[in-house]
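In our numbering, the protein residues as written are 332 to 520. Here a beta-carbon is modelled for each residue, glycine too, at the ideal position from N, C-alpha and C. Please read these numbers as outputs of a predicted model, since none were measured by experiment. Notes to accompany the following structure.
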């Protein structure tokens, strides 16, 4: 199956997010995704394994069955700027719709399990004025910043550390023309 088709599925996207920067057994994944039927979950895990998106870290025998510990293959769940630029519009829309559906489901779960003093989410939209080179540099800087906080082992050593999901969506602001485009009709201000 094509890599993009593997990623473009709500259940597989949730599996990938759950396994980002940590190792979980299939049972732990099932516990994290209780709304996904176990047979459905295993089918999607196997598709992700076959596609190289997930990696088996270890296997152990548990009560007569082989239990696999899985992780997201390094870089496999990521769509870089070059790949993104080559996608046809309908694939972009499908990927974006899958992402938004996954975010909405996560947000609903967060709202249904409130925790004292912890907001269910916070969000913002910010307009930036960047060249393509500056956008690429910003992307690299964000990668470096996130790398400081992606080690799941931090949670084991500090009781105050908990997992947070950070989603960034960067797209051209179609409401405003680029600064170098000339206005053709000043009366339309």
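- Sorting 387, 342 and 435 by C-alpha distance to the C-alpha of residue 363 places 342 at the top.
- In the DSSP assignment, residue 396 falls within the unbroken beta strand (DSSP E) covering 396–403.
- C-alpha of residue 373 to C-alpha of residue 425: approximately 23 Å in a straight line.
- With respect to the C-alpha of residue 334, the residue from 403, 349 and 379 having the closest C-alpha is 379.
- In its chain, beyond the 5 residues on either side, 354, 356, 388 and 389 have a beta carbon closer than 6 Å to the beta carbon of residue 400.
- Inclusion of residue 350 and residue 402 in the CB contact set at 8 Å is warranted, their separation being smaller than that value.
- Residue environment: residue 360 is assigned as buried (16 or more neighbouring CB atoms within 10 Å of its CB, all protein chains considered).
- Burial is judged here by how many other beta carbons sit within 10 angstroms of a residue's own beta carbon; residue 417 has fewer than 16 and is exposed.
- Residue 508 and residue 358 have their C-alpha atoms some 50 Å from each other.
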